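Student: Note that this note's numbering has the sequence shown beginning at 998, numbered continuously upward.
C-beta atoms are modelled at their ideal positions from N, C-alpha and C, and glycine is treated no differently.
Predicted model, so just to flag it, every value in this text is computed and none were measured.
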Amino acid sequence: MSPSWRDRIEAQVGPESVRLTHRPRGWRPQAPRGIDVPCVAEGPRPAAAVAALADGLARLGVPRAAVSVCLSHRFVRLALVPGGRELRDEAEREAAARHGLRKVVGDEAQQWRVVLDGEAGRGAAVAAGIEPGLFDGLASALSQAQVRGAAIEPLLSVAVRRCRAALAAGPAWLAVAEPGQVVLAALDRGDWQRLRTHRLRAPLAQELPGLLAQAGLVEGLPELRRLVLATQGLPAPAWPEGGDWDVVTVRLDADPVEAAPPPSRGGHA
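In structure tokens, the structure reads:
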């Protein structure tokens, strides 16, 4: 069967729940079907997320579907690697990614699964790292469900892809927000200038203006007033009218889904 005709499943994996959306393919159009499986925190959060993903895939029951897994930034560490896009050798790319992440998480980055974004060219590249146990657990859950894992990627990658047109229009701030934190980056037509993850201690609408003002001063970009705001699991905050900001908002959430009971210890319902 051609991949273009294969059913697709989009999985949004977070520490509280895993949301899966099944998009059927075929001659007759069918509405997407989705479920939201809560993570039962009886142990480490990554293990609970893996169990919820496995349970959700079993409930959907769509073998051989193409699956894309989007990881919450609460499971991912990010770093900018200067000159990273100029590296082509895989060993050099991995070493550069690990070095960049070590500045963020310390020596534990030596044990993490790391990747450097594959876009060639000049300038900085984004390094992403996740705990090896989480990556291996997700891959195992996909294998046991007999689906085809198309990708396991951080929320930032999904946001950049969805916001590509807006980001290509000129220099802009990119804010990728989810419950509890926001990744704030500055880009100039796809070239990364700045990247940092911030924990949210108040509603996004209250914290984001201050974070943007602080970042503008630190990075020497006080005049940059374009914002591409991508949200998942949050309503896009209303931006004050009459200001001098040019704001584009993008919702990254999948289609509305039904709530599923948590994974049972004795197997799938």
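1. What ranges does the beta strand (DSSP E) occupy inside the stretch 1170-1202, keeping only unbroken runs of at least 3 residues that lie completely in it?
2. Closer than 8 Å by C-beta to F1132: which residues in its own chain qualify, once you throw out the five before and the five after it? Chain order, please.
3. State the start and end residues of the unbroken alpha helix (DSSP H) segment that holds E1087.
4. Let me make sure I understand the geometry here. Which of Q1211, L1139 and R1161 has the alpha-carbon closest to that of V1064?
5. Could you check where the alpha helix (DSSP H) with S1014 kicks off and where it finishes?
6. Alpha carbon to alpha carbon, how far is A1038 from R1082? Give it in angstroms, no decimals.
7. Give me the Cα-Cα distance between L1214 and G1240, rounded to the nearest whole angstrom.
8. Does DSSP put V1268 in a helix, in a strand, or in coil?
9. Leaving out five residues on either side along the sequence, give the residues of the same chain with a beta carbon under 8 Å from the beta carbon of P1060.
10. For A1125 versus V1073, is the C-beta spacing smaller than 7 Å?
11. Could you check the C-alpha separation between P1043 and P1012 for me, to the nearest Å?
12. Going by C-alpha distance, which of D1086, P1129, C1067 and S1137 is nearest L1113?
13. Here's the rule I'm using: 16 or more other beta-carbon atoms within 10 Å means buried, otherwise exposed. How should W1242 be labelled?
14. Starting from D1033 and walking both ways along the beta strand (DSSP E), at which residues does that stretch end?
15. Below 7 Å between beta carbons: does that hold for L1068 and P1151?
16. Buried or exposed for P1232, please, with buried defined as at least 16 other CB atoms from any protein chain shown within 10 angstroms of its CB.
17. Could you compute how far the alpha carbon of S1014 sits from the alpha carbon of G1230?
18. Express the C-alpha separation of P1168 and A1182 in angstroms, rounding to a whole number.
19. When you compare only the Cα positions, how much space is there between L1054 and L1017?
20. Between A1174, R1222, L1192 and L1084, which lies nearest to A1202 when the distance is taken from Cα to Cα?
21. What does DSSP give as the partner residue(s) for D1243 in the beta ladder?
22. I'd like the list of long-range same chain contacts for R1159, defined as Cβ closer than 8 Å, with 5 residues on each side in sequence excluded.
23. Please classify L1249: does DSSP put it in a helix, a strand, or coil?
Tutor: Looking at the atomic coordinates:
1. For the stretch 1170-1202, the continuous beta strand (DSSP E) assignments of 3+ residues that do not extend past its boundaries occur at 1178-1185 and 1188-1196, in sequence order.
2. For F1132, where only same-chain residues beyond five positions count, the Cβ hits under 8 Å are R1110 and I1149.
3. Segment E1087 to V1102, the alpha helix (DSSP H) holding E1087.
4. Nearest C-alpha to V1064: L1139.
5. From DSSP, S1014 is part of no alpha helix (DSSP H) but of the beta strand (DSSP E) over S1014 to R1020.
6. Linking R1082 to A1038 through their CA atoms gives a straight-line distance of about 38 Å.
7. Their Cα atoms are separated by approximately 19 Å.
8. The chain is shown only over 998 to 1266; residue 1268 falls outside these bounds and no answer can be derived.
9. Closer than 8 Å at Cβ, skipping near neighbours: A1142, Q1143 and V1144.
10. For A1125 and V1073, yes; Cβs fall inside 7 Å.
11. So the alpha carbons of these two residues sit roughly 7 Å apart.
12. Comparing alpha-carbon positions, the option among D1086, P1129, C1067 and S1137 lying closest to L1113 turns out to be D1086.
13. Counting the other CB atoms within 10 Å of its CB gives W1242 a total below 16, which places it among the exposed residues.
14. R1030 to P1035 is the span of the beta strand (DSSP E), which, as asked, contains D1033.
15. L1068 is a Cβ neighbour of P1151, given a cutoff of 7 Å.
16. The residue in question, P1232, is exposed, as its Cβ has fewer than 16 Cβ neighbours within 10 Å.
17. When only Cα atoms are considered, S1014 and G1230 end up about 11 Å apart.
18. Looking at the two C-alpha atoms, the distance is approximately 11 Å.
19. Taking the straight line joining both Cα atoms gives about 8 Å.
20. With distances taken between Cα atoms, A1202 lies closest to A1174.
21. Assignment of beta-bridge partners to D1243 by DSSP yields R1223.
22. Cβ neighbours of R1159 beyond the five flanking positions: A1227, V1247 and L1249.
23. Residue state, collapsed to three classes: coil.
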